[in-house]
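**Q**
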């Protein structure tokens, strides 16, 4: 083997990188286990502890060369999907149709509104831009219609007037729509950052306007839905100067100390004379007053943290007062202390000490430590607290965001970044009065109750405004987008919603790990049993390293590990055995031909390389297609599959070869079989081509039965494809699915409701399309309340709604009709595209279109048979056989597995035909097929056993998915031997007969 040194170096580097990436997962688990011990079963105490040490070093890399905090370790660990951790997964959509309506100021023109409806219908089956679809429908309805008549509004003044041509209007509304969608993304991201969940994920999806949101560990889905679907609330407020509130804060601090001291004294069992305590507290507080006043009056920049001077149970222990006398900034607080500050300031006794019209809001942006010039603040994120003045009787702000017509980031003459803002006529007048009344003071710009900026007003502003500050380019752009958020009411609608309870997630982890361990042990034992202790151990070492590499690469890519992802890893284990089996079988053939062990190993690796490359490339292509068309867990499955193929190829080809070279250099005797297995499937003489008609008849009968079942019995489509909601509910006792269905039918008012036992007899899965077209913010909550009412008699009278949501409803999923249509389209495209890609690959690789046709027929055969079996059995088996995204992933994996087998067979046929060009072709092909049987049975049996272990131990959530894979392994193995090759050579014979060139 060439370049052994380079391969050793690469393997060592890959191992070091994997170790480096995985150590962070180990460190975070250590910290979290400690948090559980400290919390003693209290989830909130556990969260509080983790928050308190988020920025504390927990891992020293290379003996102190680099320290990593818990937060940094958490960001680098392997991410677990919601199905393994519990939490919430949503896809939100900001509809362009809503934006266009808002841009038109909700114009009632019938042509305009009809064109929007037509575009919305066409968008479901078209890949064109929505605005292009709208314009085509608009002009089709009325070729003389002018867009300027629709969009000539006050908000778009200066961009569109009555004479603006349609093409220019289209450019403007396209730009405005994209800006609104980008802004919605920024708003959602900011809101999500406030949920306080670990490792939240938000990302734009391929389709414009759709956003994926993952919130692990969320326990209040109703609150999440409400906050994420609400429209943005942009407001402009007057502010208090901190100098006006200094005395109030000193009194508030004293009051908090008194309250906390009283609580502490009441908690003591023994009685204490309270008068001296109160006097002592008062003396300490007065001293603190003097210190604070003198510090503020001198405007010192070198002030010791008051947190070290005050009792740990005081306002100033969690709020560091501002050192600036001017401006509305009242103080700073660590991120973990903001809730304590809120609690203290909301106490009735404390609130009474402040003016009635003062309101406190936190700054949205965390400050770096160095900005405070205060080393006592540790490494935690720091937030500013701003004093807002409520000057109206009804508590509303003087100015709201709907008056903003435009805002953009610009560069000043000095090179600083600033924001230029303009308002409509009404807003301009109010803004002029507001700025005139606050010259020398600040005006706070808030969104969703958080302060984004509080610029100082220098002069009365009657026209356009410039907001200056120490902005970075990104901050200036974000603030400009925020200012534009009030202009367009573009709410985000939830089109897909999945909730997994933490207990179900924990069960998924346990079942997934159990299936993983058992499958892995089965494979390790099988390789030793079949190929002997030494050769089997070498392949096992490669498998162990392969697992290590897969997990390390997953962590380095930041990939999310889901239950289908675990299935992908375990499936990779089974399929990675294929490379070892191919190599070992070729080595056994070379040894049977009389070659020595060293030469047999060299030639075995060389002869197996072509088949391994082909089989790995075709399966990898399947993974690429899955990744391109899938979402969520399917992407996770595809990611682990592709990573697994790459690492298993490296391990099987290079790691095992290096190991064998090492053993041979040490004069270790290596055998590739045992007395029980050396003759396995040798000298078989199956007449594959001669009996092809019999196999065609068998397949024809099975396919006919499948087609009949598909025509009469159809398939059970999951909500991924049909749209709807599903809930998994677990009861204390066993329940009857039919009785539950009858109870729910009355509450869901004639909608389709299906109830099925799911796993144990005490667990059911409820599916319904009730109100699936409704998009209100409270619809999901209303349906959950109806579900609770319908199940109340079964749950028991003592189970409250909150108990039901937190302890009995194990998971829920919603898929809107729009996204269901998109999923179906992508599923269809992924299957068609995969078949085309594989056909083209075989055509290029084997330079023979008949081979490609044979493989294509075999793949269609496999897909139809799997679909037929699902159609025949879905009403009878005790697990879900629904057609959903996971099933499509299974079908594509079956295609990849089947083509893997077929390519290996074709590769051997090509080799035999090249070695024996003058022999009877039918005999040569049959010999080639017979020579692959041992490898085919070994690989298929190993993979099937692995899948069977997952099926038995992996949990009910993926049983249907794994069943499809098991079925695919059986059917794919059959078709690669008895369909693909006979079809290919039947076509070749037909072509040769037609051309008069029949070859024996």
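Residue numbers (my numbering): 2 to 1001. Using N, Cα and C, we set each Cβ at its ideal position, and we do this for glycine too. It should be emphasised that the depicted structure is a prediction, and the values quoted were computed from it without experimental measurement.
List the endpoints of the continuous beta strand (DSSP E) containing residue 451.
**A** Counting along the chain, the beta strand (DSSP E) containing residue 451 begins and ends at 451-454.
**Q** For residue 61, write down the residues that DSSP places opposite it in a beta bridge.
**A** In DSSP, residue 61 forms a bridge with 68.
**Q** Quick one: grab the DSSP three-state call for residue 810.
**A** Reduced to three states, the DSSP call for residue 810 is strand.
**Q** Enumerate in chain order the residues of its own chain whose CB-to-CB distance from residue 358 is below 8 Å, with the five nearest sequence positions on each side excluded.
**A** Only 390, 391, 392 meet the Cβ criterion.
**Q** Pop quiz: residue 765 and residue 758 are said to be a contact at Cβ under 8 Å. What is the actual Cβ separation, rounded to whole angstroms?
**A** Indeed, because the Cβ distance is near 6 Å, the residues count as touching under 8 Å.
**Q** In its own chain, which residues sit with a C-beta less than 6 Å from the C-beta of residue 652, not counting the 5 before and 5 after it?
**A** These residues qualify, in order along the chain: 543, 546, 547.
**Q** Compute the beta-carbon to beta-carbon distance between residue 189 and residue 410, rounded to the nearest angstrom, for a pair I have assumed lies under 8 Å.
**A** Not confirmed; about 20 Å, so no contact.
**Q** Measuring CA to CA, which of 666, 888, 966, 919 is closest to residue 898?
**A** Ranking 666, 888, 966, 919 by Cα distance to residue 898 puts 966 first.
**Q** Could you say if the stretch 627-643 and the stretch 825-836 meet the contact criterion of at least three C-beta pairs nearer than 8 Å?
**A** Taking 8 Å as the limit for Cβ pairs, the verdict is that the stretch 825-836 does touch the stretch 627-643.
**Q** Going by DSSP, which residues form a beta bridge with residue 407?
**A** For residue 407, which the question treats as bridged, DSSP gives the partners 423.
**Q** How is residue 826 classed by DSSP in three states: helix, strand or coil?
**A** If DSSP states are grouped into helix, strand and coil, residue 826 belongs with the helices.
**Q** DSSP on residue 401, reduced to helix/strand/coil?
**A** Looking at residue 401 - three-state DSSP - the assignment turns out to be strand.
**Q** Should residue 80 go down as buried or exposed, given a rule of 16 or more other Cβ atoms within 10 Å for buried?
**A** Result: buried.
**Q** Buried or exposed: residue 858, going by 16 or more other Cβ atoms within 10 Å of its Cβ?
**A** Residue 858 comes out buried.
**Q** Taking C-alpha atoms, which residue in 558, 351, 583 lies nearest to residue 641?
**A** It is 558 whose Cα lies nearest to the Cα of residue 641.
**Q** List in chain order: all unbroken beta strand (DSSP E) runs of 3+ residues lying wholly within the stretch 63-127.
**A** Here the runs fully enclosed are 67-70, 88-94.
**Q** Check this for me: beta carbons of residue 455 and residue 329, under 7 Å apart or not?
**A** Their beta carbons are under 7 Å apart, which means residue 455 touches residue 329 by this criterion.
**Q** Could you compute how far the alpha carbon of residue 901 sits from the alpha carbon of residue 684?
**A** Computed Cα separation, rounded: 24 Å.
**Q** Does DSSP put residue 918 in a helix, a strand or coil?
**A** Coil at residue 918, not helix or strand.
**Q** Suppose only complete runs of 4+ residues qualify. What are the alpha helix (DSSP H) ranges in the stretch 162-244, listed by chain order?
**A** The stretch 162-244 contains these whole alpha helix (DSSP H) runs: 167-194, 222-230.
**Q** Going by C-alpha distance, which of 713, 531, 694, 95 is nearest residue 938?
**A** Nearest C-alpha to residue 938: 531.
**Q** Report all residues from its chain with a CB closer than 8 Å to the CB of residue 139; omit the five preceding and five following residues, and keep chain order.
**A** 112, 113, 116, 146, 148, listed in sequence order.
**Q** Give the single residue among 990, 930, 230, 143 whose Cα lies nearest to the Cα of residue 975.
**A** The candidate whose alpha carbon is nearest that of residue 975 is 930.
**Q** Any chance the stretch 59-73 sits against the stretch 7-16, with 3 or more Cβ pairs inside 8 Å?
**A** No, the stretch 59-73 is not in contact with the stretch 7-16.
**Q** Let me check understanding here. Comparing Cα to Cα, which of 406, 782, 433, 238 lies closest to residue 449?
**A** Closest by alpha carbon: 238.
**Q** Does the count of Cβ pairs from the stretch 346-361 and the stretch 436-448 closer than 8 Å reach three?
**A** Result no; under three Cβ-Cβ pairs closer than 8 Å.
**Q** What span of residues does the alpha helix (DSSP H) with residue 352 cover, start to end?
**A** Here the alpha helix (DSSP H) through residue 352 covers 349-352.
**Q** Using 10 angstroms around the beta-carbon of residue 44, count the other beta-carbons present and answer buried if the total reaches 16, otherwise exposed.
**A** Exposed is the call here.
**Q** Identify the continuous beta strand (DSSP E) that holds residue 1 and give its terminal residues.
**A** Past the boundaries of the shown model lies residue 1; the chain is included only from 2 to 1001, so the question cannot be answered.
**Q** Please report the straight-line C-alpha distance between residue 130 and residue 123, rounded to a whole angstrom.
**A** Between residue 130 and residue 123, the C-alpha separation is close to 10 Å.
**Q** Taking only the alpha-carbon atoms, compute the straight-line gap between residue 434 and residue 466 and give it to the nearest angstrom.
**A** Roughly 13 Å separates the two Cα atoms.
**Q** Can you find the residues in the same chain that come closer than 6 Å, C-beta to C-beta, to residue 223, ignoring five residues on each side of it along the sequence?
**A** So the qualifying residues of the chain are 782.
**Q** Give the DSSP bridge partners of residue 321, in chain order.
**A** 333, per the DSSP bridge assignment.
**Q** Count the C-beta pairs between the stretch 473-481 and the stretch 787-797 that are closer than 8 Å, then say yes if the count reaches three, no if not.
**A** Result no; under three Cβ-Cβ pairs closer than 8 Å.
**Q** Which stretch, first to last residue, makes up the beta strand (DSSP E) that contains residue 725?
**A** From DSSP, the beta strand (DSSP E) with residue 725 extends over 725-731.
**Q** Rounded to the nearest angstrom, what separates residue 404 and residue 98 at their Cα positions?
**A** Roughly 22 Å between the two C-alpha positions.
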